[in-house]
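Student: Chains as they are written, first to last, in this note's numbering: chain E, 67 to 343; chain P, -12 to 765.
This is the structure I want to talk about, given as structure tokens.
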Amino acid sequence: MKPVRFAYERPTDLAAAFALGRREDIAVKFLAGGQSLGPMLNLRLIQPELVVDITAIAELKHIEEKPESIVLGSCITHADIEDGRVPDVTSAALRRVACGIAYRAVRNRGTIGGSVAHADPAADWLSALAALGASAIVKGESGQRGIAIEDLIVGVFETTLKPGEIVTGVEIPRQSRAARWGYYKASRKTGEFAHAIGAFMHDPERSVCRAVIGATGSKPIVLTDMQELFVGRVPKPEAMSVQFVRQMMGARGMGDDIEQKIHLAVLRRAIAQAHAS
Amino acid sequence: MKEQGVGARLLRKEDDRFMRGRGQYVADLRFAGMKDVAFVRSPVAHARIRSVQPPETHRHAVFTAADLSGVKAIRAVTTIKGFKPSEQPPLATDKVRYVGELLAMCVAPTRAEAEDIAAAVVLDLDELPAVHDMLAARDQQSVLLHEQWGDNIFLESLVEIDIEKALDAPIKVTREVRTSRQCMAPIEGRAVVAMWDTRLEQLTVYSACQMPHIVRTGLAECLGLDEGQVRVVSPDVGGGFGYKGILLAEEVCLGWLAMQCGHPVRWIEDRREHLTANANCREHYYRITGYADRDGTLRGIDCEATVDSGAYSAYPFSACLEAAQVASILPGPYDFPAYRCRTFSVATDKCPILPYRGVARTGVCFALELVLDAIAREAGIEPYAVREKILVKRAQMPFTNITRKYFDSGDYPESLRRAVAAIDLEAVRARQRRGEPDGRLIGVGLATYCEQAAHGTSVYHGWGIPMVPGFEQATARLTPDGGLELRVGVHSHGQGLETSLAQVAHEVLGVDVEKIKVVHGDTALTPYSTGTWGSRCAVMAGGAVSVACKELAKRAAKVGAQLLQTDADKVSVRGGEVIGPRGSITLKEIAATWYLKPQNLPPDVDMGGMEATIGYRPKPDTGTFSYATHAAVVAVDAEIGGVEILDYVVVEDGGKLINPMIVDGQILGGLAQGIGTALYEEMPFDSAGQPLASTFADYLLPGPTEVPSVKIDHMETLAPHTEFGVKGLGEGGAIPPPATIANAINDALRPLGAELTISPITPRRILEAIEHAGRSGT
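Okay, structure coming up:
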């Protein structure tokens, strides 16, 4: 269980990273916190010829506050968020999610951008950020684009990132004071990846309401049509349409009854948390 | 001097180095010229081998079965009638029989490079259907692993006592009970460094093992060496649990390689090898029926047990250790009149199952205790009441049970009563009636077991496996400065033996524990022993240290009496001194006399000197019986299948406790493993025989938040036949938690009519059971 031989570079600016990343003659992999990539290297599930460590790029640790949002640099760690070292625009929703990720040792090194780019459907950030309406900021030599989290991920470990592109940050909308948040995950034990995630955000002042069914085996299912989800009623757990949620899961290939039951339960609990907050 | 003898709660001597990261494990060893080995393992479960082709670039760095001339297959036979032996070649020859079986070894300066070479070896395998299901494997039509057998059954056994007398009982409950295949998960995996010493003409093998002398015997046999040509050193070892009691094919391969290549070679098992190819255990299936009177009195047990033994018989315990034990220990701590148990040890295309802490007891306890609870539900009484009727009573001790097990001492019903009181059954029942604000379901469960430990010659000779424990030996030696060395053939890999054996010696001689050094883990330095297994060290090595120290005391007394100018029968040894009628002399001065001033010795002094090696075996040697009742309260989240352990109680009787703190550690460690068996740990295989959990992301172990705080209550009924009344209890903590927790979960799910009879109890299995109960309308 040792990695194949690979070269290692640790550029200090994005331009250098792009230049390394676009090489087509060799397999290149970007490395941030390495909490998933490290084990995958050791198991030889990935066998890159060059690993480009992006954690020395100052821009990727940058935080930018905007009137309507905040941009967190990719290399902000889960622990940075857990410990409150980044400004909070989500009424502590981000902190609550961060402190439930894996173990502290993982949170010390694991990064928000790395998690998004890695695209493990069971990862907390994908579901939580999708529920918050966040988008990934993707940069490459040809320029910059913003893309909704749920559109960045295509499937298990699969994204729409093109060779040489890097997720440089995550843009999270500012919530109003009236916003409500619920996040519930079912996992076998503390620190394990979830086997079901429910996330729910309702911000009446901004007229935004998003529900996410996560840890699905593929990309998170984002529900934004509250008419359908609550059959026109107020968003509270007992109003959730089981039929609609089951339908949405079925449409995405989640046909297993027990899997559906657990996902229904955790989404209902997320909604209940939001309702009670 | 602070209390240091038997019964003292001393901090462990060895923890100074362990807690500072100064332990020395096999992977810490560095030798000049040492190279790393990576193995090529079978990617399929069952196949004929057409060829194993090393890459042209590394022809001389790859070794296959064809190279291993003169190396014998591992054979672990028993003399039990009907046993079919398997031959496990260290590197597979004609066939592979499990995923992960060794096909070739690759040598390189680093492990990564060795893995590069291994990845380039080309395998041509003619795949055969995999025998992956032990019940299907019993079928006459099944594909065969070992064609010459004619079937897939290592051994079938039957015990039958008056079963017909139970068949008319008014209550009859039948259950299918399964314990899933598991992996033992010591923090350190297996690890081997082998080298040939040209001066001593000796193969030295450093191995992370718990039975170094047995490994030496096995290695000498397989490699065709005299035992004197093999030295096995087992340095610090990070947990054993049974896994490190096994002679591995990897050890044989490395031994051979070291003799060929002239430089040290090492193999450090990685976690994927450990999980998928080596440390498997526990896979049992029971079809069990309990017969009882209307009032819940158990009248008989009828059981058919099948154990998935995997592809080969592991050395030295053999492939029938589990199943054969099942038949003899299934009755547990209970007295009932009718019994039948048929067992099958079945060969499948999975890696051999190995004995894991508790061995077969965890499975039989699970099967029997679940059936007792089912009887309680049928009879409409509390589960403890079913047990109270049939637990062997204090007045019956010593008691010979239905399978001729000799229970030495104890008050089994008292452990049950105390556990019921400590868990506060009444309060739990009241809480259940009230219901939980969060909608979870509360349940309470318990289980009682007894653990035969330190069983000796009279038990093992009948099995005829390669190893029969005899007199356990210890050497006690005074050093010239008055310190004490204890040399034992058992091994300590987490049990704290360096402390508890020192406490035993202190009890006899009074030497300060700080001045006592326990030497273990080296066949060149210690007396022969079968090693550490079967919860035997406190009784056997503790007993041996005690008698060796008593012999040393006698010899010191004689010298001391001479120096005190009195008669030997007028002195006694206490507190590190020989005390006479008029004055005393320290052991330190006596040792100095023997070694440095021999001119002062009495003329008739014992020529053995200040060093005694004595063998010890209790009489009778059928083993001590520790026992316990565990009780748990759980909360079950029936929507998502979650389980939380709210309260846990252990009431156990381990006889005299040498160090109660170490005993608590043993119980807590065992309990954590038992919780793993109950709720988390499973090594699943698909129908092609592929193991599906290859990392700890897939193979879940309980962590600190999954193991609750536990109330432990010790009873300490002295064992009548051992030194100090000590009983073996090292495995006990791991035996009843699956039964206790499953019973609690079933109690919680009772309103839904759901019942689980498989471990581990996962969220999916809980929801399936609830759904099944809903469908069948119970």
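Using N, Cα and C, we set each Cβ at its ideal position, and we do this for glycine too.
Treat the numbers as computed from the prediction; the structure is a model and nothing was measured.
Between residue 324 (chain E) and chain P, is there a C-beta pair that is closer than 7 Å?
Tutor: Counting from one through the first sequence, the residue named residue 324 (chain E) turns up at place 258. Output row for residue 324 (chain E): interface = yes.
Student: Should residue 690 (chain P) be flagged as near chain E, meaning a C-beta pair shorter than 7 Å?
Tutor: As a first step, residue 690 (chain P) must be located in the second sequence, where it is residue number 703. For residue 690 (chain P), the answer is yes, since a Cβ of chain E falls inside 7 Å of its Cβ.
Student: Taking the continuous alpha helix (DSSP H) assigned at residue 406 (chain P), which residues delimit it?
Tutor: In the second sequence, residue 406 (chain P) corresponds to position 419, counting from 1. Looking at the DSSP string, the run of the alpha helix (DSSP H) that includes residue 406 (chain P) is 399 to 410.
Student: Per the DSSP calculation, residue 631 (chain P) is bridged to which residue(s)?
Tutor: Counting from 1 along the second sequence, the entry for residue 631 (chain P) is found at position 644. Its beta-bridge partners are P:622.
Student: Can you grab the Cα-Cα spacing for the pair residue 569 (chain P) / residue 551 (chain P), in whole Å?
Tutor: The sequence position of residue 569 (chain P) within the second sequence is 582, counting from 1. The sequence position of residue 551 (chain P) within the second sequence is 564, counting from 1. In a straight line, the C-alpha of residue 569 (chain P) is about 8 Å away from that of residue 551 (chain P).
Student: What is the C-beta distance between residue 148 (chain P) and residue 354 (chain P), in whole angstroms, given that I count them as a contact (C-beta under 8 Å)?
Tutor: Working through the second sequence from its first residue, we reach residue 148 (chain P) at position 161. Working through the second sequence from its first residue, we reach residue 354 (chain P) at position 367. Contact flag wrong, Cβ pair sits at about 18 Å.
Student: Could you spell out the range, first to last residue, of the beta strand (DSSP E) harbouring residue -7 (chain P)?
Tutor: Residue mapping note: residue -7 (chain P) aligns to position 6 of the second sequence, counting from 1. Careful: residue -7 (chain P) lies outside any beta strand (DSSP E) and carries neither H nor E.
Student: Note down, one range per segment and in chain order, each alpha helix (DSSP H) of at least 4 residues found wholly within the stretch 489 to 577 of chain P.
Tutor: Those alpha helix (DSSP H) runs which fall completely within the stretch 489 to 577 of chain P and span 4+ residues are 524 to 550.
Student: So is residue 302 (chain E) in contact with chain P if we call contact Cβ pairs under 7 Å?
Tutor: In the first sequence, the residue the question calls residue 302 (chain E) occupies position 236. It does not: the Cβ of residue 302 (chain E) has no partner Cβ on chain P nearer than 7 Å.
Student: Nearest by alpha-carbon distance to residue 65 (chain P): which of P:304, P:439, P:322 is it?
Tutor: Position 78 of the second sequence holds residue 65 (chain P). Taking only the C-alpha atoms, the option nearest residue 65 (chain P) is P:304.
Student: If you follow the beta strand (DSSP E) that residue 92 (chain P) is part of, which residue opens it and which one closes it?
Tutor: Against the second sequence, residue 92 (chain P) aligns to sequence position 105. Where residue 92 (chain P) is concerned, the enclosing beta strand (DSSP E) stretches over 89 to 95.
Student: Residue 185 (chain P): buried (16+ other C-beta within 10 angstroms of its C-beta) or exposed?
Tutor: On the second sequence, position 198 is the one that residue 185 (chain P) refers to. Exposed, since its Cβ has fewer than 16 Cβ neighbours within 10 Å.
Student: Short of 6 Å in beta carbon distance, which residues of its chain neighbour residue 581 (chain P), apart from the five on each side in sequence? Order them along the chain.
Tutor: Taking the first residue of the second sequence as position 1, residue 581 (chain P) is located at position 594. 596, 597.
Student: Mind checking residue 73 (chain P): buried by the 16 CB within 10 Å criterion, or exposed?
Tutor: Taking the first residue of the second sequence as position 1, residue 73 (chain P) is located at position 86. Classification of residue 73 (chain P): buried, given that the 10 Å Cβ count is 16 or more.
Student: In three-state terms, what does DSSP make of residue 199 (chain P)?
Tutor: For this step, residue 199 (chain P) is matched to residue 212 along the second sequence. Of the three classes helix, strand and coil, the one that applies to residue 199 (chain P) here is helix, per DSSP.
Student: Under DSSP, the beta strand (DSSP E) around residue 743 (chain P) begins and ends at which residues?
Tutor: Locating residue 743 (chain P) in the second sequence gives position 756, counting from the first residue. First-last for residue 743 (chain P): undefined, no H or E at that position.
Student: Could you check what DSSP says for residue 275 (chain P) in three-state terms: helix, strand or coil?
Tutor: As a position in the second sequence, residue 275 (chain P) is number 288, starting the count at 1. Residue 275 (chain P) falls in the strand class under three-state DSSP.
Student: Go through its chain and collect everything with a Cβ distance to residue 224 (chain E)'s Cβ below 7 Å, but skip five positions before and after it.
Tutor: Counting from 1 along the first sequence, the entry for residue 224 (chain E) is found at position 158. Here the set comprises 185.
Student: At which residues does the beta strand (DSSP E) containing residue 243 (chain P) begin and terminate?
Tutor: Against the second sequence, residue 243 (chain P) aligns to sequence position 256. From DSSP, residue 243 (chain P) is part of no beta strand (DSSP E) but of the alpha helix (DSSP H) over 236 to 248.
Student: Sort out for me which residues DSSP pairs residue 73 (chain E) with in a bridge.
Tutor: Against the first sequence, residue 73 (chain E) aligns to sequence position 7. Answer by DSSP bridge pairing, in chain order: E:116.
Student: Should residue 315 (chain E) be flagged as near chain P, meaning a C-beta pair shorter than 7 Å?
Tutor: Within the first sequence, numbered from 1, the residue matching residue 315 (chain E) stands at position 249. Output row for residue 315 (chain E): interface = no.
Student: Distance check for residue 96 (chain E) and residue 161 (chain E), CA to CA, integer angstroms please.
Tutor: On the first sequence, residue 161 (chain E) is found 95 positions in, with the first residue counted as 1. On the first sequence, residue 96 (chain E) is found 30 positions in, with the first residue counted as 1. Each residue's alpha carbon lies about 26 Å from the other.
Student: Contact defined as beta carbons within less than 8 Å: I believe residue 546 (chain P) pairs with residue 588 (chain P). What is the distance between those atoms, to the nearest angstrom?
Tutor: Stepping through the second sequence from its first residue, residue 546 (chain P) is reached at position 559. Stepping through the second sequence from its first residue, residue 588 (chain P) is reached at position 601. About 6 Å; that satisfies the 8 Å criterion.
Student: For the stretch 145 to 212 of chain P, which segments carrying the beta strand (DSSP E) assignment without a break, of at least 3 residues, lie completely within its bounds, in sequence order?
Tutor: Qualifying beta strand (DSSP E) stretches, in chain order: 158 to 166, 178 to 184, 189 to 194.
Student: What residue ranges within the stretch 414 to 475 of chain P form continuous beta strand (DSSP E) runs of no fewer than 3 residues, ordered along the chain?
Tutor: Fully enclosed beta strand (DSSP E) runs of 3 or longer: 428 to 440, 459 to 465, 471 to 475.
Student: So, using beta-carbon positions, are residue 447 (chain P) and residue 320 (chain P) closer together than 7 Å?
Tutor: Here the question's residue 447 (chain P) lines up with position 460 in the second sequence. Here the question's residue 320 (chain P) lines up with position 333 in the second sequence. Not closer than 7 Å, so no.
Student: Is residue 241 (chain E) closer than 7 Å to residue 344 (chain E) when the C-beta atoms are compared?
Tutor: Outside the displayed span of chain E (67 to 343) sits residue 344 (chain E), for which this structure offers no information.
Student: Going by DSSP, what residue range makes up the beta strand (DSSP E) through residue 323 (chain P)?
Tutor: As a working mapping, residue 323 (chain P) is identified with position 336 in the second sequence. Residue 323 (chain P) -> no beta strand (DSSP E), and no H or E assigned at all.
Student: For residue 626 (chain P), which residues of its own chain have a beta-carbon under 8 Å away from its beta-carbon, when the five flanking residues on both sides are left out?
Tutor: In the second sequence, counting from the first residue as 1, residue 626 (chain P) sits at position 639. Closer than 8 Å at Cβ, skipping near neighbours: 426.
Student: Expressed to the nearest angstrom, what Euclidean distance is found between the alpha-carbon atoms of residue 168 (chain E) and residue 169 (chain P)?
Tutor: Along the first sequence, read from residue 1 onward, the residue named residue 168 (chain E) stands at position 102. Along the second sequence, read from residue 1 onward, the residue named residue 169 (chain P) stands at position 182. Whole-angstrom Cα-Cα distance: 24 Å.
Student: Give the DSSP-derived three-state secondary structure of residue 43 (chain P) in the structure shown.
Tutor: Here residue 43 (chain P) corresponds to residue number 56 of the second sequence, with the count starting at 1. Helix.
Student: Contact criterion: CB-CB distance below 7 Å. Does residue 228 (chain E) meet it with respect to chain P?
Tutor: Counting from 1 along the first sequence, the entry for residue 228 (chain E) is found at position 162. Taking Cβ atoms only, chain P never reaches closer than 7 Å to residue 228 (chain E), which makes this a no.
Student: Select from P:470, P:369, P:125, P:672 the residue whose C-alpha is nearest the C-alpha of residue 563 (chain P).
Tutor: Walking along the second sequence from the start, residue 563 (chain P) turns up at place 576. Answer by Cα proximity: P:470.
Student: Would you check if the distance between the CB atom of residue 724 (chain P) and the CB atom of residue 629 (chain P) is smaller than 7 Å?
Tutor: Counting from one through the second sequence, the residue named residue 724 (chain P) turns up at place 737. Counting from one through the second sequence, the residue named residue 629 (chain P) turns up at place 642. Going by C-beta atoms, residue 724 (chain P) is not nearer than 7 Å to residue 629 (chain P).
Student: Using a Cβ-Cβ cutoff of 8 Å, what residues of the stretch 243 to 275 of chain E are near chain P? List them in chain order.
Tutor: Flagged, chain order: 252, 254, 255, 256, 257, 258, 259, 261, 262.
Student: Hey, does residue 168 (chain P) have any beta-carbon neighbour from chain A nearer than 7 Å?
Tutor: In the structure shown, chain A does not exist; the protein chains are E and P.
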